[in-house]
């Protein structure tokens, strides 16, 4: 890939928000400088080739990648594992948890998050209001979008759920969600969710275990006629089906352009079953597949969830057999695609959503990505620094340190 730089704009004033990233290594091995301005990448050139700028960040020893995105989070139930006594679902507590969880994931590199939020029952729309308040407080740091998750949408009980879903869309929920498996009429739930999405012009992201190929086929058929994007997850039950049945279901999902978000780090609040979707089978069928985190230290599903997209990619590489570069794409490019976000490349003209991790190649980043610098809309929004030190008796071995480029802490 050649150096990229758009032609200069005559008379354009210097951008005071511009930032020059120096000496970064790209995934293809090149060492480059990257100029950022107005939230986008303005130029990429060989190290030392771009004009100097007072706002300069030395990325020597770092790998520069498109930032990951989180396509499946649960901010309303995050960080509840260590709660003593009943978990509080007061709006103020949900807002605090959702904000803290988003910042934790931002520190890992996720500059965009899709957060599934339960609506209905005793809480009504309170949890959604709290997550939307968290979204506003995070503006400029991370892009958080809420998925409204009703319990049922069919029958007498479903009438209230459907009314709440429409209200949630008007409040600012960005995506129609829910779990058809939990409704007495799964097909009716899916149909109602898709109709609501079409009415409001919103994408759909539904929870399903995916162990019923006939149900998946019906859902894919319905989704095929919808203009909005449709995503399913975590679909771990597909891995339990005979391979022939799973392959046919995957082919139908691909034909209907239905995306799948797997959760290699564990379960989530919407589906009680564990395990992960058959990623290689879905990829072979041409399904758009991304990876998310699911529960983040959740009291019910995963008390030790990290919410780290690089860990999700690591698990895809180590357990599902994906090459490291493809595994990282599942949490970066593919995650952004299923979320309907603009594509990011380290090239001129693309959004400046970037992650710098200490290391020389993607496989190193997935294994030892302790030090990270996160850039959102062209601005450094998070840093994580790690230093590895050994006792004096190990110094003679010249073991590597996680620290500054010169090896010092």
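In the working numbering, the protein residues as written are 11 to 419. Note that the Cβ used here is the ideal one computed from N, Cα and C, for glycine as well. Predicted, not measured: the structure shown is a model, and the values here were computed from it.
Buried versus exposed, by CB contacts within 10 Å (16 or more), residue i
i: residue 292; result: buried
i: residue 363; result: buried
i: residue 127; result: buried
i: residue 218; result: buried
i: residue 397; result: exposed
i: residue 330; result: buried
i: residue 269; result: buried
i: residue 245; result: buried
i: residue 278; result: buried
i: residue 250; result: exposed
i: residue 400; result: exposed
i: residue 321; result: buried
i: residue 193; result: buried
i: residue 190; result: buried
i: residue 155; result: buried
i: residue 121; result: buried
i: residue 304; result: buried
i: residue 337; result: buried
i: residue 274; result: buried
i: residue 327; result: buried
i: residue 241; result: buried
i: residue 395; result: exposed
Best match in the options for proximity to residue i [C-alpha to C-alpha]
i: residue 349; options: 48, 64, 153; result: 153
i: residue 334; options: 344, 136, 323, 342; result: 323
i: residue 139; options: 212, 174, 285, 388; result: 174
i: residue 167; options: 195, 377, 123; result: 195
i: residue 209; options: 73, 236, 197; result: 236
i: residue 77; options: 391, 385, 401, 395; result: 385
i: residue 238; options: 256, 260, 214; result: 214
i: residue 285; options: 221, 241, 124; result: 221
i: residue 42; options: 27, 68, 50, 263; result: 68
i: residue 4; options: 241, 357, 233, 234; result: Not covered by the structure: residue 4. The range shown for the chain is 11 to 419.
i: residue 56; options: 71, 50, 63, 32; result: 32
i: residue 224; options: 256, 84, 359, 135; result: 256
i: residue 83; options: 338, 216, 393, 389; result: 216
i: residue 86; options: 198, 95, 136, 40; result: 136
i: residue 124; options: 158, 391, 373, 371; result: 158
i: residue 50; options: 383, 360, 377, 382; result: 360
i: residue 383; options: 371, 365, 389; result: 365
Contacting residues, own chain, Cβ-Cβ under 6 Å from residue i (five flanking each side not counted)
i: residue 99; result: 133
i: residue 300; result: 81, 271, 340, 344, 345, 348
i: residue 318; result: 118
i: residue 375; result: 73, 367, 369
i: residue 262; result: 227, 230
i: residue 420; result: The displayed coordinates of the chain run from 11 to 419. Any statement about residue 420 would go beyond what the structure contains.
i: residue 342; result: 76, 78
i: residue 234; result: 266
i: residue 182; result: 142
For residue i, the three-state DSSP class (helix, strand or coil)
i: residue 339; result: helix
i: residue 149; result: coil
i: residue 2; result: As shown, the chain starts at 11 and ends at 419. That puts residue 2 outside it, with no answer to give.
i: residue 17; result: With a pLDDT of 48 at residue 17, under the threshold of 50, the modelled position of that residue is not reliable, and the figure given next carries that caveat. Three-state DSSP puts residue 17 in coil, outside helix and strand.
i: residue 244; result: strand
i: residue 28; result: coil
i: residue 130; result: strand
i: residue 334; result: helix
i: residue 367; result: strand
i: residue 373; result: helix
i: residue 350; result: coil
i: residue 260; result: helix
i: residue 161; result: coil
i: residue 155; result: strand
i: residue 141; result: helix
i: residue 136; result: helix
i: residue 357; result: coil
i: residue 123; result: strand
i: residue 52; result: strand
i: residue 362; result: coil
i: residue 37; result: coil
Spatial neighbours of residue i in its chain, beta-carbon cut-off 7 Å, leaving aside the 5 residues before and after
i: residue 171; result: 130, 160, 161, 162, 163
i: residue 91; result: 307, 308, 309, 313
i: residue 60; result: 30, 43, 45, 53
i: residue 89; result: 107, 110, 111, 306, 307
i: residue 288; result: 248, 249, 256
i: residue 373; result: 334
i: residue 392; result: 116, 117, 384
Own chain residues within Cβ distance below 8 Å of residue i, not counting five before or after
i: residue 253; result: 291
i: residue 379; result: 320, 367, 368, 369
beta-carbon residue i near the ligand ATP non-hydrogen atom, thresh 7 Å
i: residue 171; result: This structure lacks the ligand ATP; in fact it carries no ligand of any kind.
Cutoff 8 Å: residue i Cβ touching any chain D Cβ
i: residue 299; result: Considering every chain present, this structure includes no chain D. It has just one protein chain.
Open item on the list: To test your reading of the DSSP string, which unbroken alpha helix (DSSP H) runs of 4 or more residues are found completely within the stretch 165-241?
Closed with: Here the runs fully enclosed are 165-181, 196-210, 223-233.
Task: beta strand (DSSP E) segments (min. 3 residues) lying fully within the stretch 57-121 - done: 66-68, 72-76, 80-83
Open item on the list: What ranges does the beta strand (DSSP E) occupy inside the stretch 286-331, keeping only unbroken runs of at least 3 residues that lie completely in it?
Closed with: 299-301
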